[in-house]
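Each remark here refers to the structure printed beneath this line.
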Amino acid sequence: MEEKKLDINSIIGFVLIALILIYMLYQNQPTPEELQAQEEAKQEQVQADKKAKEAEDDFKATPADFVATQTTDSSQLADLQNKIGAFAYSASLPSAQDATTVLENEVLKIIVNNKGGYFEEVKLKQFTDFDSVPVYLIKDQNAIFNINFGTTDNRTLNTKDLYFQPTLTQNGDNQVLSMKLKVSETQFLEYRYELKPNDYMLGFNVRSQGLSNVINGSQDVSLDWKLKGRRQAKSISYENRYTRLTYEHENGDKISKLSQAGNDEEVEGNINWLSYRQHFFSSILLTDKPFKTASLTSETLVLDEDIDTLYTKSYSAVIPLELNGGELSESMDMYYGPTDGRILKEYDRNLEESIPYGWGIFGWINKSLFIPLFGFLSGVFPYGIAIIIMTIVVRIVLSPVLYKSYLSQAKMKILKPEITEISKKHKDNPMKKQQETMALYSKAGASPMSGCLPALLQLPVFYALFMFFPTAIELRQKSFLWAEDLSSYDIIAELPFRIPLYGDHVSLFPILAGIAIFFYMKMTTGQQVASQPTQEGMPDMQKMMKYMIYFSPLMLMVFFNQYAAGLSLYYFISNLITIGIMLVIKNYILDEDKIHAQIQEKKKRPKKQSKFQRRMQEMMEKAEEQKRQQQNRKK
5 MEEKKLDINS
15 IIGFVLIALI
25 LIYMLYQNQP
35 TPEELQAQEE
45 AKQEQVQADK
55 KAKEAEDDFK
65 ATPADFVATQ
75 TTDSSQLADL
85 QNKIGAFAYS
95 ASLPSAQDAT
105 TVLENEVLKI
115 IVNNKGGYFE
125 EVKLKQFTDF
135 DSVPVYLIKD
145 QNAIFNINFG
155 TTDNRTLNTK
165 DLYFQPTLTQ
175 NGDNQVLSMK
185 LKVSETQFLE
195 YRYELKPNDY
205 MLGFNVRSQG
215 LSNVINGSQD
225 VSLDWKLKGR
235 RQAKSISYEN
245 RYTRLTYEHE
255 NGDKISKLSQ
265 AGNDEEVEGN
275 INWLSYRQHF
285 FSSILLTDKP
295 FKTASLTSET
305 LVLDEDIDTL
315 YTKSYSAVIP
325 LELNGGELSE
335 SMDMYYGPTD
345 GRILKEYDRN
355 LEESIPYGWG
365 IFGWINKSLF
375 IPLFGFLSGV
385 FPYGIAIIIM
395 TIVVRIVLSP
405 VLYKSYLSQA
415 KMKILKPEIT
425 EISKKHKDNP
435 MKKQQETMAL
445 YSKAGASPMS
455 GCLPALLQLP
465 VFYALFMFFP
475 TAIELRQKSF
485 LWAEDLSSYD
495 IIAELPFRIP
505 LYGDHVSLFP
515 ILAGIAIFFY
525 MKMTTGQQVA
535 SQPTQEGMPD
545 MQKMMKYMIY
555 FSPLMLMVFF
565 NQYAAGLSLY
575 YFISNLITIG
585 IMLVIKNYIL
595 DEDKIHAQIQ
605 EKKKRPKKQS
615 KFQRRMQEMM
625 EKAEEQKRQQ
635 QNRKK
C-alpha cells in the first residue's frame with residue numbers, strides 16, 4: 005500500500021471509529037455465565053488438542069498402521085477410487101495432506117506443497133518491495149502449475165488437485181526434491197526439482213514411469229501454467245507499464261511479446277522459453293526441447309489507478325505435451341529472480357532479450373554503450389553521481405553535432421537579409437524566387453536542412469535513454485538527494501486528489517528538467533526565428549514556435565511526473581550542460597563576422613554544378629517557360 009499523509013478529515017474519521025469501537029466493546033462485554041461457559045469450552049479444546057497430538061505421534065511412528073486405518077473405511081476408499089481411479093493410492097499415503105517441503109539457497113526460498121507438487125511460495129531473499137516487505141513472486145495462491153490428462157478408465161484428472169509424495173536429497177552441493185504422484189511404488193508421475201547454491205535457476209523435469217496403461221494417449225495431455233504478477237512498486241500503474249509476457253520462438257530467431265496495455269492472446273509454435281516479467285522481477289519457464297505450440301494470454305488487472313490493486317497482470321500458458329511410448333518426459337528449467345541483464349546473460353539462453361531495451365538501433369545503443377558505461381560508473385560512484393557523469397560524457401560526445409546545428413543556424417541568420425531581398429524581388433514569381441534562394445544557399449555553403457540533421461542524429465540517443473532508465477534494476481531503491489528510489493518517481497509533496505495524467509503527487513526532478521528545457525528552447529527558438537527569412541505566413545509559424553517554448557516543458561513536467569527519477573535527473577543535467585555548451589559556442593567559438601566573410605568569399609568563387617543540380621535547374625527553367633507561355637495564351 006502507498007503511504008498516505010493524513011488530513012484533518014482522516015483524523016476526525018479515525019477518532020469517530022475509535023469511539024464507536026470502544027462503545028461496542030463496552031456494550032458487548034460477556035456476562036459471568038458467558039465467561040464460565042467460555043472457560044469450560046477452553047478446557048474441552050485443550051483435551052481435544054492433546055488427543056490430536058497423541059494421534060499425530062502415533063501416525064509418525066507407524067505410518068503403515070495409519071494407511072491401514074485410512075483404507076479400512078470401504079466407503080471412503082470407494083469414493084476415492086470413483087474420483088481419481090488408480091491415483092487413489094497416493095491419496096491413501098501419509099503425504100496426502102497440505103504439508104510442505106523447503107528448497108533454499110542464498111538467494112531463494114521455495115516452499116513446495118504436497119498438493120499439486122508445485123510452489124506455495126517463492127521468496128527472493130535479497131530484495132524487498134516499496135513497503136520494505138520481502139519480495140514474493142509466488143504467495144497466497146497467485147500461481148498454478150497443472151498437468152491435465154485423461155485416464156484409460158475415462159477420467160480427466162488435474163495434478164493440482166492430487167497429492168504428491170516428497171523426497172528431499174542432496175546431489176553434491178545441490179538440493180534435489182522429488183515429488184511423486186503414485187499409482188503404486190513403481191508407477192508414478194514425478195516432478196524433479198534441483199536447486200544449485202546461489203542460483204535463481206532450478207532444474208526441472210517431468211517424467212512418468214509405468215503409466216502407459218493409466219494415461220490415455222488418445223487424449224490431449226496439457227501443461228497449464230498461470231501466474232498473477234504481485235505488486236512490488238510504489239506506483240502500480242508505472243510498474244504495470246513494464247510488466248509483460250515475452251517469449252522466444254522460431255528456433256530462437258524471434259522474440260515476441262503480448263500487448264503491453266489491455267488484454268491479449270496468441271497461439272505460437274516452437275517456443276524455447278516463456279517469461280512472465282513483473283518489471284524488475286521475472287518468472288521464466290525454459291525447455292530443452294521446444295514446445296511445438298502454446299496458447300498464451302495476458303490480462304491487465306490494473307483497471308483504476310485510484311484503487312490500490314494487489315496484482316498487475318494475469319498470465320496464462322496452455323502447452324500440449326507429447327507422450328513418448330505412452331510416458332511423459334520433459335526436461336525444463338525454471339527461473340525466479342530479478343530482471344537483471346547481467347544475471348540473465350550468464351545462462352546463455354538469450355534471456356536478456358526479455359528486457360525492453362528498445363528495438364533496432366535503440367536496443368543496440370543501450371546494450372553496447374549505455375549499459376556497459378553505466379555499469380562501470382556505478383561501480384565507482386554513487387548511482388546519482390554516476391547518472392550525472394554519464395550525462396556529461398554523452399553531451400560531450402554529442403557536442404560536435406550541437407556545434408554543427410548552431411553553425412547552420414548562424415549561417416542562415418547571416419543570409420537572412422539577402423533571402424528576404426530575393427523574396428521581395430520575386431514575390432510574384434515563386435519559381436524564380438526558389439531558384440535564386442537555392443543558388444544563394446549553394447554558393448554560401450549553407451542549407452536550411454543542415455540544422456535539422458544534427459537534431460535527428462540525437463533522437464536515437466534520446467529514445468535509448470528513455471528505455472534505459474526505467475529498466476535499469478541497478479537504480480531500484482537507490483536514493484539520491486530527495487529521491488528515495490531512482491527507478492521510480494520522486495515525491496516532494498502529496499496531493500489530496502488525483503489530477504488526470506499527472507497523478508496525486510508532485511515530483512521535483514521533472515519540474516527542474518522542465519525549467520531547464522524551457523531556457524534551452526528559449527535560446528534555440530530565438531536563434532531559429534532570427535535565422536528564418538521573412539515570408540508570407542511566417543508570423544503564424546513564429547507564434548507557434550513561441551507557444552512550443554511553454555507547451556513542451558509543461559508536457560514534460562506532466563508526463564515525467566510518474567516516470568523514473570533517474571530519467572528526469574538525466575534530462576535536467578543534460579539540458580543544463582547543453583545550455584552551457586551553446587553559450588560557449590556562441591561567445592567563444594563562433595565569430596559571426598568571420599562566418600559572414602567566409603560566406604562572401606565562397607559566393608565569389610565559381611560554383612560547379614553537379615549533374616543532379618543541372619537537371620533540377622533545367623527542369624525548373626522548363627517549368628517556368630511553360631508557365632510563361634500559358635499566361636501569354638490567356639492574354
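In terms of our numbering, the sequence shown opens at residue 5 and continues consecutively.
Virtual Cβ for every residue (Gly too), placed ideally from N, Cα, C.
These numbers come from a predicted model, not from an experiment.
Subject >> Cβ separation of Asn328 and Leu231, assumed to be a contact under 8 Å, to the nearest whole Å >> reply: With 8 Å as the limit, Asn328 and Leu231 do not qualify as a contact, their Cβ atoms being about 28 Å apart.
**OP:** Give the DSSP bridge partners of Thr160, in chain order.
**Re:** Gly154
Original post:
Are three or more beta carbon pairs between the region 470-484 and the region 351-362 nearer than 8 Å?
Top reply: yes
**OP:** Could you spell out where the alpha helix (DSSP H) holding Glu243 opens and where it closes?
**Re:** 240-245
Original post:
Is the Cβ-Cβ distance between Leu305 and Ser320 less than 8 Å?
Top reply: no
Subject >> Contact set for Thr313: own chain, Cβ-Cβ below 7 Å, skip 5 residues either direction >> reply: Arg235, Ile240, Leu305, Val306
Original post:
The beta strand (DSSP E) spanning Phe131 covers which residue range?
Top reply: 123-132
Original post:
Can you give the beta carbon distance from Tyr140 to Glu125, rounded, assuming they're within the 8 Å contact cut?
Top reply: 6 Å
Original post:
Run through DSSP, which three-state label would Pro421 get?
Top reply: helix
**OP:** Go ahead and label Pro500 buried or exposed: buried means 16 or more other beta carbons lie within 10 angstroms of its beta carbon, across all protein chains shown.
**Re:** exposed
**OP:** Using the Cα positions of Asp157 and Val218, report the straight-line distance between them to the nearest angstrom.
**Re:** 8 Å
Original post:
How should Glu243 be labelled, buried or exposed, when 16 other C-beta atoms within 10 angstroms of its C-beta is the threshold for buried?
Top reply: buried
Original post:
Between the C-alpha atoms of Lys293 and Ser136, what's the straight-line distance to the nearest angstrom?
Top reply: 40 Å
Original post:
Is Phe513 closer than 8 Å to Ser572 when the C-beta atoms are compared?
Top reply: yes
Original post:
Is Gly389 buried or exposed, if buried means 16 or more other CB atoms sit within 10 Å of its CB?
Top reply: According to the sequence as given, residue 389 is Ile; it is not Gly. It counts as exposed.
**OP:** Please state if the CB of Met561 and the CB of Gly518 are separated by a distance shorter than 8 Å.
**Re:** yes
**OP:** Check whether the Cβ atoms of Glu185 and Leu107 lie closer than 8 Å to each other.
**Re:** It is Leu, not Glu, that sits at residue 185 in the sequence shown. It is not a contact, given that the beta carbons lie outside the stated cut-off.
**OP:** Given a cut-off of 8 Å, decide if Ile288 and Leu278 are closer than it, judged by their beta-carbon atoms.
**Re:** yes
Subject >> Identity of the residue in Pro464, Leu199, Tyr407 nearest Tyr592 by Cα >> reply: Tyr407
Subject >> Top-ranked residue by Cα proximity to Met527, from Asn175, Gly367, Val588, Pro434 >> reply: Val588
**OP:** Could you spell out where the beta strand (DSSP E) holding Asn117 opens and where it closes?
**Re:** 112-117
Subject >> Span of the alpha helix (DSSP H), counted from its first residue to its last, around Thr582 >> reply: 569-588
**OP:** Inspect the beta-carbon positions of Leu97 and Val111 and report whether they are closer than 8 Å.
**Re:** no
Original post:
Would you say Phe168 and Tyr195 are within 8 Å of each other, going by their C-beta atoms?
Top reply: yes
Original post:
For the putative contact between Tyr204 and Ile347, defined by C-beta atoms under 8 Å, what is the C-beta separation to the nearest angstrom?
Top reply: 7 Å
Subject >> Endpoints, alpha helix (DSSP H) assigned at Arg346 >> reply: 345-350
Original post:
Under the DSSP definition of a beta bridge, which residues are partnered with His283?
Top reply: In the DSSP output, where bridge partners are listed per residue, His283 has none listed.
Subject >> Asn370 classed as buried or exposed, judged by whether at least 16 other C-beta atoms fall within 10 angstroms >> reply: buried
Original post:
Less than 8 Å separating the beta-carbons of Gln223 and Gly330?
Top reply: no
**OP:** Use the C-beta contact count for Leu479: other C-beta atoms within 10 angstroms, 16 or more gives buried, fewer gives exposed.
**Re:** buried
**OP:** Determine, using beta carbons only, whether Phe285 and Leu166 come nearer to each other than 8 Å.
**Re:** no
**OP:** Note the first and the last residue of the continuous beta strand (DSSP E) segment covering Ala321.
**Re:** 315-325
Original post:
Within 10 angstroms of its Cβ, does Val187 collect 16 or more other Cβ (buried), or is it exposed?
Top reply: buried
**OP:** Keeping to the same chain, check which residues put their C-beta closer than 7 Å to that of Tyr93; ignore five residues upstream and five downstream.
**Re:** Lys186, Val187, Ser188
Original post:
Looking only at DSSP bridge pairs, what is Tyr339 linked to?
Top reply: Met205, Ile288
Subject >> Three-pair Cβ contact test at 8 Å for the region 420-439 versus the region 331-340 >> reply: no
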